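Once you know that position 504 of the sequence shown is 504 in full-length UniProt numbering, the rest is easy, because the numbers rise by one and skip nothing. From the three backbone atoms N, C-alpha and C, an ideal C-beta is built for every residue, glycine too. These figures come from a predicted structure and were not determined experimentally.
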Amino acid sequence: MADYKAPLREMNFLLHEVFAAEKLWTKLPGLAGAVDRETADAILEEMAKLASNTLDPINRSGDEEGCHWNDGVVTTPEGFKEAYATFCEGGWGALLGNPEYGGMGMPKMLGAQVEEMITASNISFALYPVLTNGACLAIDAHASEELKQKFLPKMYEGTWAGAMDLTEPHAGTDLGIIRTKAEPREDGSYSISGSKIFITGGDQDLSENIIHLVLAKLPDAPKGPKGISLFLVPKYKVNEDGGLGESNKVNCGSIEHKMGIKASATCAMNFDGAQGWLVGEVNKGLAAMFTMMNYERLGVGIQGLGASDRSYQNALEYARDRIQSRSPAGAQQPAKAADPIIVHPDVRRMLLTQKALVGGGRALSTYVAQWLDISKFGEGDEKKNAEAMVALLTPVAKAFTTDMGLDCTVLGQQVFGGHGYIREWGQEQLVRDVRITQIYEGTNGIQALDLVGRKTVASGGALFELFAADVQKFIDRQVDRETMSEFVRPLAAELQRLREATEKMVAASQEDLHAPGAASVEYLHLFGYVAYAFMWAKVADVALDKQEVDSFYKGQVKTARFYFARLLPRTQALAASVNAGSATLMDLEEELF
């Protein structure tokens, strides 16, 4: 496997040239004076070193060894404790945290690039701090001041980690039917009893304590999702002086034996009358949990992106070194027995598809992170508009990027041929690791239903029009720039195709209850390809005038052209499927399957 090389040039290009991040940071009240270009670049450079020198070297060994469970105790693979200590010493867990409790208060636009490097170098390792970050977000937004003071500083330090406990054996997507109970105690706390499954980092040997955020129901709670509350339940109780006390009756019953991310402990957790504290309001647990979901779901999309980039880096190095046959145009390296396989059109097709999807995904994650920053640090109508954009774009950023992530890792594996199928080169691990990103934090099918049902049909298409307006604003700015027409004209046509599909789907849903579900996945993919086209057009807007002086910009322009010519036409088939309705899908009787 090739050594991981952080794509710092691409990241800096997006942050500073395409999205003008520093200009945005300067005008946002909560960020002004907190971060500048010099600080951002230094942070990215330091993470690049950590990812390449510390996390990447234990990626394959962690997969081979996996986590161990022995009598309720989970042990991570060799090297993980040391890597985690290095990660914490660098203050990385505090990067996006609230400065009032020891965080650095950095923007998500910067955090997205950091997350990509962590996940590209070692997805399994990344999941431990990522889940802690999610727990911190929920605590910071909804917990009492006492709980924030007591738990956030240690969690930002990494001394204590976090875990999110939602799923139960019988309740996955439908959390309204969970059975975990919360009984009020006289001291204002609650007794939590029940079992949870698929809990990432539910137990591990990296941190001194693990702070579980647990969904549970009070005895008199309403049925369904309106009766769910959220509770903070530490593995070990915390004394008044902040030191650790006795065990809190939180136990790991087992760990899962999985297809991938084997160095990440996926646990079955048992709560046997554990002491917990309410986070947020009674019966408003889902609202509190969803505060962090937009960040976490973008984070999962970034995991798909990281795996894609790592697969691309490996495949590109292999394609330059592996010699097989001659170029159709004649020998390119006559001194060798054959030419490197990168000269062959089909290999170039696979590599360029990866490069275009990685670039589009990185730009989209930065774009969504931009809206997250405005929604967090902005004010007034600008803040409200950003919140709506985040709601619309989150399922696309999660599902489309991870669907493309699997495609990219498989393409990278295919470039290797038979060598991609064996363990030695690491490509098969990437395929296994990325597969979970399409499943957890809400399966991609659920993300598609969310995009279509809650975000598009429920708003009558109004949320979609916010995105369309942003694309149209970009198109309008290019009206007098003939050099951009090769991108702007097809982008305008694809925006119209997406708008028409949206309008037809919204109209069909008024008469056909199956219409949203029948169209959802294809609609999300249609949206994703158009969103990536918007991203590549923004890239071309910056790179076109600079391509003659720097080959980096020339590569960006030529990749954009490939995307528009070879990948964007997929929208035609997707739109046809969206517009086909639900009849052929629902007409087959169950017994005929």
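Query	Result
Nearest-angstrom Cα separation, counted from Pro77 out to Leu230	31 Å
Alpha helix (DSSP H) runs wholly inside the UniProt domain "Acetyl-CoA dehydrogenase-like C-terminal" (467 to 588), at least 4 long, in chain order	485 to 508, 515 to 543, 551 to 562, 570 to 578 and 583 to 586
Whole runs of the beta strand (DSSP E) within the region 18 to 78, excluding any shorter than 3 residues	68 to 70 and 73 to 75
Straight-line Cα distance separating Val530 from Glu482	21 Å
Nearest-angstrom Cβ-Cβ length linking Ile199 and Val233, presumed shorter than 8 Å	Not confirmed; about 12 Å, so no contact.
C-alpha distance - Thr119 paired with Glu591, whole-angstrom precision	44 Å
Nearest-angstrom Cβ-Cβ length linking Ser121 and Gly158, presumed shorter than 8 Å	Not a contact, Cβ separation roughly 18 Å.
Sequence-distant residues of the same chain with beta carbon closer than 7 Å to Glu387, five excluded per side	Ser375
Assigned secondary structure, Thr200 (DSSP; H/G/I helix, E/B strand, else coil)	strand
Bridge-paired residues (DSSP) for Asp272	Ser193
Beta carbon of residue 594 nearer than 8 Å to that of Asp63	There is no way to answer for residue 594, as the model of the chain reaches only from 1 to 593.
Three CB pairs or more closer than 8 Å across the region 483 to 491 and the region 528 to 546	yes
Collapsed DSSP secondary structure at Phe416 in the structure displayed	coil
Bridge partner(s) assigned by DSSP for Leu316	Answer by DSSP bridge pairing: none, since Leu316 is not bridged.
Strand pairing of Ala171, partner residues [DSSP]	Glu168
8 Å CB neighbourhood of Arg348 in its chain, flanking five on each side removed	Ile342
Option in Glu503, Leu568 and Ile446 with minimal Cα separation from Val578	Glu503
Contacting residues, own chain, Cβ-Cβ under 6 Å from Asp512 (five flanking each side not counted)	Ser582
The alpha helix (DSSP H) enclosing Gly245, as first and last residue numbers	Element bounds for Gly245: not the alpha helix (DSSP H) but the beta strand (DSSP E), Leu244 to Ser247.
Neighbourhood of Pro395 by C-beta distance below 6 Å, restricted to the same chain and skipping five residues each side	Gln447, Asp450 and Leu451
Exposure of Phe552, with buried meaning 16 or more beta-carbon neighbours within 10 Å	exposed
Which listed residue (Glu82, Ala329, Pro328 and Leu305) has its alpha carbon closest to that of Leu50	Glu82
Gln303 vs Thr437 beta-carbon contact at 8 Å	yes
Val250 - containing beta strand (DSSP E), residue span	Val250 to Ile255
Extent of the continuous beta strand (DSSP E) to which Pro234 belongs	Ser229 to Pro234
Through-space distance from Leu213 to Pro569, alpha-carbon basis	44 Å
Ala369 in three-state terms, based on DSSP	helix
Inter-stretch contact at 8 Å, needing at least 3 Cβ pairs: the region 99 to 114 / the region 273 to 290	no
Sequence ranges, alpha helix (DSSP H) only - wholly within the region 331 to 415, length at least 4	345 to 377 and 380 to 415
Cα-Cα separation, Gly301 to Ala126	13 Å
Opening and closing residue of the alpha helix (DSSP H) in which Ala135 lies	Ile123 to His142
Segment contact flag, the region 84 to 97 with the region 140 to 157, C-beta cutoff 8 Å, min 3 pairs	yes
Three or more C-beta pairs below 8 Å linking the region 353 to 361 and the region 318 to 328	no
Contact check, Thr559 vs Leu352, beta carbons under 8 Å	yes
Top-ranked residue by Cα proximity to Cys88, from Gln413, Gln113 and Trp160	Trp160
Contact the region 364 to 372 vs the region 543 to 551: 3+ CB pairs below 8 Å	no
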